[in-house]
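Going down the list, the protein sequences come from chains A and B.
Count along the first sequence starting at 1, add 1190, and that's the number in my numbering.
Count along the second sequence starting at 1, add 653, and that's the number in my numbering.
The beta carbon of each residue, even a glycine, is placed where N, CA and C say it ideally should be.
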Amino acid sequence: MLTRRDWIRILGVAAGAPASAQELVFPGKRPMLVQNDFPEDLESPVEYFDTWLTPIDSFFVRQHLPRPKVDPGAWKLEISGMVANSVSLSLDELRKLPQYKVPATLECAGNGRGYFTPKIPGLQWKKGAIGNAEWRGPRVADILKKAGVKPQAQWGSCNGADAPVAKTPDFIRSIPMRKLMHEATLIALEMNGQPLPEIHGGPARLIVPGWDGASWVKWANQITVSDKPDAGFYFATAYRYPKHSVAPGGAPKPGDMEVLEGMAVKSFFVKPADTAKVGMSPVRLQGVGWAGEFRVARVEVSTDGGSSWRDARLSPENYNFAWRLWTLDWTPPRPGYYTLMSRATDSAGRVQPIEAPWNPSGYLWNSVDRIGVTVEG
Amino acid sequence: MRILLMGLLTAGALVSADPAVIEKGRAEEKRQCVACHGLRIIQVQRLSRAAWGRELDKMANWGAALEDRESLIEYLVANFGDDKPLPAPPLSKDGRK
């Protein structure tokens, strides 16, 4: 285990150096909203979301533990536990398995936490802890079949090469076998046609389409198959949501907290920017909408604070797990201040609510999006 | 007795606003927290006294050997209390080559 002194040496900073004295630049990334610099927690500004695939240089970053040192030549993914044969696969061996491409939206469970009142501990993400990419690699199901999962196995506990610091728990997430065996669940080796960058979990990360980002274990090097989920903090305590809604600031009973799985239905504006000034000429309103494991079926937009709604036009990409872009051309009727709103409906019939339920960890913020624009005559 | 209690409470309130205590808390933050993570993840948050206390308990369980917890709490509440608005996170410089 690394000591505090080791970390100070690795970081190359004195213990007392103020964070503001360190230059904020992240190799390969456009300017990002810095929620934390070590480890990197970087939010994408919303104006970056103007393409269906979010480029790697614009894609948000979330890390629980410091990024591990990665040696692709020595990389192994090990499958053990309730299997007929433990297997250990190198990157070359993973590349030789049938490769599949899955476009999927990755969203941090706490995206939007910064909007909840009362305030909730954790990163104060607003809109940009999300991105849509095309992930490529072997199916987890094919890897598990090589190992031969025993019939009583219910879970795969996934660990990455990132290691605890001091006494922090290791970041291990258990995924039920039904989801691990899903045809869209991958070990991604590529992102948008490029080798998966280290900052996004390269050389290999779990892709769990439609589920919270925490399930998409980065630097994945171990899946332990079992009839029980992992008992550690990051599965047994964290990433849980109350079974019954609670009043803002309330404390549900621990037994009433359930594991997060699929993400919510949601949309927001990309353009114009909140507080923008526009002229009396037609304005193209645009944004994104997504729905966890489902498809976005509809995005409606209001330009009068929610009194009336019109259907936006959706981009042709229509897949489970992946977002869609939407546009609506709007001609302001007269100068003044306008409250613009967007709300999505998905293929399961879920509708983005006016107000997302407060919950103790600030997950699944998906309130109807609203921005204000001033139309100048 | 009541007067004595009120006196103690007033003294407590004065202590909590003491800039020297807050500076001690700031030093404790620099001493203890950077071993595991940057300070920004602390400073982007705006939490109540009770919530900061729970966070410090969590960090103590995770290996933070807090030497001056009381000053640290006063520093956090004074600078990052839930009566203050969330800060706009800084934008990094362009890291593309």
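Within chain B, the residues that residue i reaches when beta carbons sit closer than 8 Å
i, result
"M1222 (chain A)", "L744 and S745"
Beta-carbon neighbours of residue i, restricted to chain B and to distances below 9 Å
i, result
"V1571 (chain A)", "Any question about residue 1571 (chain A) goes unanswered here, given that chain A covers just 1191 to 1567."
Under 7 Å by beta carbon: chain B residues contacting residue i
i, result
"P1217 (chain A)", "G748"
"E1268 (chain A)", "Correct list: empty, because the minimum Cβ distance to chain B is about 27 Å."
"L1214 (chain A)", "P743, S745 and K746"
"D1247 (chain A)", "R749"
Where the beta strand (DSSP E) through residue i begins and ends
i, result
"K711 (chain B)", "K711 (chain B) -> not in any beta strand (DSSP E); alpha helix (DSSP H) instead, spanning R702 to N714."
"E1297 (chain A)", "Q1289 to E1297"
"F1367 (chain A)", "Note that residue 1367 (chain A) corresponds to Met in the displayed sequence, not to Phe. Note, M1367 (chain A): premise wrong, no beta strand (DSSP E); alpha helix (DSSP H) at M1367 to L1370."
"E1490 (chain A)", "V1486 to S1492"
"Y1527 (chain A)", "G1526 to D1536"
"R1514 (chain A)", "R1514 to W1520"
"W1480 (chain A)", "V1473 to W1480"
"S1157 (chain A)", "The first residue shown for chain A is 1191 and the last is 1567, placing residue 1157 (chain A) beyond what the model contains."
"G1562 (chain A)", "D1559 to V1565"
"P1432 (chain A)", "R1430 to P1432"
"Q1225 (chain A)", "L1223 to N1226"
"L1232 (chain A)", "D1231 to E1233"
"F1458 (chain A)", "K1456 to K1461"
"M1447 (chain A)", "M1447 to V1449"
Listed by chain order, chain A residues near residue i by CB distance under 8 Å
i, result
"V697 (chain B)", "Q1225, N1226, L1313 and Q1314"
"G716 (chain B)", "V1355, A1356, K1357 and T1358"
"I694 (chain B)", "Q1225, N1226, D1231 and L1313"
Given residue i as reference, the closest of the options once Cα atoms are compared
i, options, result
"A1454 (chain A)", "A:L1379, A:G1482, A:C1298 and A:P1308", "A:G1482"
"F1306 (chain A)", "B:I695, B:C686, B:G748 and B:P738", "B:P738"
"N699 (chain B)", "B:A680, B:P742 and B:S724", "Going by the sequence as given, residue 699 (chain B) is Arg instead of Asn. Minimum Cα distance to R699 (chain B) is reached at B:P742."
"G1304 (chain A)", "A:P1550, A:A1428 and A:Q1476", "A:P1550"
"V697 (chain B)", "A:Q1314, A:A1426 and A:S1248", "A:Q1314"
"M712 (chain B)", "A:L1281, A:E1268 and A:V1355", "A:V1355"
"A1466 (chain A)", "A:V1486, A:G1562 and A:V1558", "A:G1562"
"N1382 (chain A)", "A:A1534, A:K1291 and A:S1278", "A:K1291"
"L1515 (chain A)", "A:G1539, A:F1459, A:E1297 and A:Q1542", "A:F1459"
"R1521 (chain A)", "A:G1552, A:D1559 and A:V1468", "Reading off the sequence shown, one finds Thr at residue 1521 (chain A), where the question assumed Arg. Considering only alpha carbons, the answer is A:V1468."
"G748 (chain B)", "A:L1223, A:R1474 and A:R1368", "A:L1223"
"W1480 (chain A)", "A:G1440, A:N1556 and A:A1421", "A:N1556"
"G691 (chain B)", "A:I1397, A:K1266, A:R1500 and A:E1213", "A:E1213"
"D1559 (chain A)", "A:A1421, A:V1489 and A:V1565", "A:V1489"
"G1539 (chain A)", "A:H1372, A:V1339 and A:K1456", "A:K1456"
"D1501 (chain A)", "A:P1256, A:P1523, A:R1524 and A:G1477", "A:G1477"
"A1266 (chain A)", "A:R1257, A:V1277 and A:P1258", "Position check: residue 1266 (chain A) holds Lys in this sequence, whereas Ala was assumed. With distances taken between Cα atoms, K1266 (chain A) lies closest to A:V1277."
"K677 (chain B)", "B:P740, B:K750, B:L725 and B:V730", "B:L725"
"E1448 (chain A)", "A:P1462, A:F1511, A:P1472 and A:R1430", "A:R1430"
"P1419 (chain A)", "A:L1386, A:Q1342, A:V1491 and A:V1251", "A:Q1342"
"A1374 (chain A)", "A:S1537, A:A1394, A:P1328 and A:P1472", "A:P1328"
"F1484 (chain A)", "A:E1268, A:S1498, A:A1512 and A:S1492", "A:A1512"
"L1450 (chain A)", "A:E1545, A:I1365, A:I1269 and A:R1220", "A:I1365"
Contacts that residue i makes with chain A (C-beta to C-beta distance below 9 Å)
i, result
"R722 (chain B)", "Simply none; closest approach about 17 Å."
Cross-chain neighbours of residue i in chain A, by beta carbon under 7 Å
i, result
"L700 (chain B)", "K1309 and P1311"
"L739 (chain B)", "G1304 and Q1314"
"D735 (chain B)", "P1308 and K1309"
"G678 (chain B)", "The premise fails here: G678 (chain B) is roughly 14 Å from chain A at the closest Cβ pair, so nothing lies under 7 Å."
"G706 (chain B)", "The contacting residues do not exist; G706 (chain B) stays about 11 Å from chain A at best."
Contacts that residue i makes with chain E (C-beta to C-beta distance below 8 Å)
i, result
"E1448 (chain A)", "This model lacks chain E altogether, as its protein chains are A and B."
Bounding residues of the alpha helix (DSSP H) (the contiguous stretch that carries residue i)
i, result
"K677 (chain B)", "P672 to Q685"
"R722 (chain B)", "R722 to F733"
"R693 (chain B)", "R693 to Q696"
"F1425 (chain A)", "F1423 to A1426"
Any non-hydrogen atom of the ligand ATP within 6 Å of residue i CB
i, result
"K1461 (chain A)", "No copy of the ligand ATP occurs in the structure displayed, which carries no ligand at all."
* Asked: Which ranges does the beta strand (DSSP E) cover as unbroken runs of at least 3 residues, wholly within the stretch 1326 to 1402 of chain A, from first to last along the chain?
  -> Scanning the stretch 1326 to 1402 of chain A for uninterrupted beta strand (DSSP E) segments of 3 residues or longer gives 1345 to 1350, 1362 to 1366, 1376 to 1378 and 1395 to 1397, listed from N- to C-terminal end.
* For the stretch 1247 to 1314 of chain A, which segments carrying the beta strand (DSSP E) assignment without a break, of at least 3 residues, lie completely within its bounds, in sequence order? -> Counting only runs of at least 3 residues, the stretch 1247 to 1314 of chain A fully encloses the following beta strand (DSSP E) elements, listed from N- to C-terminal order: 1266 to 1271, 1277 to 1280 and 1289 to 1297.
* To do: Take every Cβ of the stretch 1417 to 1432 of chain A, pair it with every Cβ of the stretch 1496 to 1508 of chain A, and state whether three or more of those distances are shorter than 8 Å.
  => Contact fails: fewer than three Cβ-Cβ distances are below 8 Å.
* Counting Cβ pairs, one atom from each stretch, are 3 or more of them under 8 Å apart for the stretch 1407 to 1417 of chain A and the stretch 1342 to 1357 of chain A? -> A contact exists between the stretch 1407 to 1417 of chain A and the stretch 1342 to 1357 of chain A.
* To do: Specify whether the stretch 675 to 693 of chain B and the stretch 710 to 726 of chain B touch according to this definition: at least 3 beta carbon pairs, one from each stretch, less than 8 Å apart.
  => Judged by Cβ distances under 8 Å, the stretch 675 to 693 of chain B makes contact with the stretch 710 to 726 of chain B, as three or more pairs qualify.
* Take every Cβ of the stretch 1435 to 1452 of chain A, pair it with every Cβ of the stretch 1373 to 1381 of chain A, and state whether three or more of those distances are shorter than 8 Å. => Fewer than three beta-carbon pairs drawn from the stretch 1435 to 1452 of chain A and the stretch 1373 to 1381 of chain A are found closer than 8 Å, and the two stretches are therefore not classed as touching.
* Would you say the stretch 1320 to 1333 of chain A touches the stretch 1215 to 1229 of chain A, given that touching needs at least three Cβ pairs under 8 Å? -> No contact exists between the stretch 1320 to 1333 of chain A and the stretch 1215 to 1229 of chain A.
* Are the stretch 1357 to 1364 of chain A and the stretch 1275 to 1290 of chain A touching, with three or more C-beta to C-beta distances below 8 Å? -> Flag = no, the stretch 1357 to 1364 of chain A and the stretch 1275 to 1290 of chain A do not touch.
* Looking at C-beta atoms only, is the number of pairs between the stretch 1324 to 1335 of chain A and the stretch 1250 to 1264 of chain A that lie closer than 8 Å three or more? -> The stretch 1324 to 1335 of chain A is not in contact with the stretch 1250 to 1264 of chain A.
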